[in-house]
Every structure is written in C-alpha cells, then in structure tokens.
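Report on the following structure.
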Amino acid sequence: MALKAYDLTGRTAFITGAASGIGRASAVLIAEAGATVHCADVDEKGLDETRGLIADAGGIAHAHTLDVTDRAQLRAAIDSADRLDILAAVAGIMHSSTVLETRDEDLDRVLAVNFKGILYACQESARAMIAAGTPGSLITMASGAVDAANPGLLCYSVAKAAVVQLTKTLASELGPHSIRVNAIAPGWIRTPMTDRHDTALQHQAEAAMIRKSPLRRVGEPQDIAHAVLHLASDASGFTTGQILRPNGGVAMPW
Ligand code: NAD
C-alpha cells in the first residue's frame, strides 16, 4: 500500500544527462516505476545504451540527442512529449582550476552547462506544465560542493551554488501552480565523472572520503536515483524548496 505513492504509471519524465552515471540510473529507475521517460544527452551512443536498459526492464523510453546549453533544442524535445510530470535536470560537467588559474572561457562553459542548462530545462518544463495545468516535480542536481570550501573547484562550486538558489526561488514561484522544485546535493558518487581521472590523487581523495563517511563507502548512481524517485513521486508531495543531501553522512572531502 505504501509503495503506491512511488508508482509513476501514467506519468512522463524528462531526464537530462541520461547517457551516463546518475542520469542513466535515474532514467532506468523512473521507467521501472512506470513512467514514460524522455532521455536527453549530448552522447548519442550512451543514450542508446540507456534506452536499451529501459527496454530490457520493460519500460518506455524516447531519446533526444541535444546540448542542454541550447534552449531551442530543449524546448523542442520537451514539447515532443505528450505530457510532462517530472523533470530531473542532471546533466553536468566537472572542471578543476584554482581561482587564480581560472580563465573566462572555463567559467563561461561550466556556468553554461551546470547552471544555464538546468535553468533552461526548468523554465521550459514549467512552461509546459503550467500550459497543460499539470502538477509536477522539478528536480535539480546540485552537489555537496555547495557546503564546503573547495580548493580547485571554483567554477563547479559557483555553478552548483547558483542551482541551489534557482531551486529555492523556483519553488517559491511555482508552488501556486502545484509544481514542486527540489535539489539533490550528492556526496562522492562513483560515476564516469569521478572515475575519469584515474590518478593517485583521485584514489587518495576517494579513500579519504570513505574514511570520513560514517557508512564507510562512497555512493553509487543507484543511491542518487532513489533520491530522484522519491522527489519525483507522490511520496514527497509536501516537499518543496528543499536540498536533499545523500552523501553518506559527510560533505565533500576537500
Ligand atoms: P557523468 O559524467 O557520468 O554524467 C554526466 C552526463 O551529462 C553525461 O552523460 C554527459 O554526456 C552529459 N552532459 C554533459 N554536458 C552536457 C550538455 N552540454 N548537454 C547534454 N548533456 C550533457 O556524471 P555524473 O556523476 O553522473 O553527474 C551527474 C550530475 O551529478 C552532474 O550534474 C554532477 O555535477 C552531479 N554530481 C555528481 C557527483 C559525483 O560524485 N559523481 C557529486 C555531486 C554532484
């Protein structure tokens, strides 16, 4: 009976960053919960793999190869859906440089993908929901980086802090339309983003994270997908403007 609140049958979700990591795990879980899932990403091959995983699980998926920094592409993909109930704006990139090394183009690129990409997806999704009179749930992807000082991560941390502010502002503006808006701020999750730099420093950082975690492990994409499912579903029907922190009990290790 309690699980009925997590049943998404008849709902439609739009998920960015669905070709990899957290976005892929979320797309598969949301489809398993019964929703039709529109998967968006720049990575066409990865999207095909996600679509295959959803089909294997008996779900329905549509793929949209697009760049989230292009509002027109996002709008066309969102408008192609019959209805929209859920957005999970997950696509993001990592960038490392100290404040003194940061170049204008680095800041512009990270803000474009990690902030504007989420802003555009929220704006276009909310516009579609309001026009259809559909209540909905918008889920943004922040980071544990917003809670700590992060040497070497200026651009990333600034963009994620902006996502938190966007989430709170949107929640206050969209509540009267029965649209809930919440952010997830994951801790260290093992995905291609964190595994990409297979260096001694990376391994040290991950080991330090495991030592600091009361749970003595880093996260897996599935840990965040379950947070996405919770915020997408009626189980979180009275939750809006919140930042959910699935981080194993610690903030980022830097
Ligand atoms: P990932 O690299 O596995 O996945 C990111 C996806 O975003 C990729 O499929 C990539 O192709 C897509 N993408 C990147 N730029 C895009 C663009 N311009 N348009 C469309 N798609 C684009 O990384 P992940 O770890 O799954 O990260 C997902 C989100 O979670 C990101 O926003 C990230 O900042 C956030 N996050 C991750 C961690 C972690 O430890 N992995 C921690 C906190 C927050």
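Counting from 1, position 157 in the sequence shown corresponds to residue 192 in this note's numbering; the numbering is continuous, with no gaps. No residue lacks a Cβ here, since even glycine has one placed at the ideal position from N, Cα and C. It should be emphasised that the depicted structure is a prediction, and the values quoted were computed from it without experimental measurement.
Here the alpha carbons of Q277 and L264 stand approximately 15 Å from one another. The C-alpha of N282 is placed about 25 Å away from the C-alpha of K151.
Look at T175 here: in three-state DSSP terms it is strand.
Cβ neighbours of R280 within its own chain (closer than 6 Å, five residues either side excluded): A220.
By alpha-carbon distance to T104, the top candidate from D120, V77 and R118 is V77. Taking the CA atoms as reference points, G168 sits about 46 Å from T133. Annotated as distal: G56 and P211, with beta-carbon spacing of 7 Å or more.
Classified as buried, A180 has 16 or more neighbouring CB atoms from the shown chains inside 10 Å of its CB.
Comparing alpha-carbon positions, the option among L82, A123, A147 and A196 lying closest to S268 turns out to be A123.
Relative to the ligand NAD, the beta carbon of V63 is positioned no closer than 6 Å to any heavy atom.
In summary, R231 is exposed, with fewer than 16 beta-carbon neighbours lying within 10 Å of its beta-carbon over all protein chains present. Sorting A184, V198, C190 and W223 by C-alpha distance to the C-alpha of L173 places V198 at the top. Around the beta-carbon of K195, 16 or more other beta-carbon atoms lie within 10 Å, marking it buried. If the five residues before and after A60 are omitted, its C-beta is found closer than 6 Å to the C-beta atoms of P256, Q257 and A260, all from its own chain and listed in chain order. If only complete runs of 4 or more residues are kept, the region 80–140 shows the alpha helix (DSSP H) at 106–114, in order along the chain. In this structure, G56 has its CB closer than 6 Å to one or more heavy atoms of the ligand NAD. With fewer than 16 other Cβ atoms from the protein chains shown falling within 10 Å of its own Cβ, F273 counts as exposed. T175 and I165 have their C-alpha atoms roughly 18 Å apart.
Placement of the Cβ of S132 at a distance of 6 Å or more from every heavy atom of the ligand NAD is found.
For the set I50, D120 and R215, the Cα lying nearest the Cα of D42 is the one of D120. The beta carbons of R215 and T275 sit about 4 Å from each other, so the pair counts as a contact at 8 Å. With fewer than 16 other Cβ atoms from the protein chains shown falling within 10 Å of its own Cβ, L236 counts as exposed. In the structure shown, the three-state DSSP call for D42 is coil. Burial of A54 is indicated by the presence of at least 16 other C-beta atoms within 10 angstroms of its C-beta. Within the same chain, E159 come within 6 Å of R110 by CB-CB distance, once the 5 residues on both sides are set aside.
The continuous beta strand (DSSP E) containing T47 extends over residues T47 to T51.
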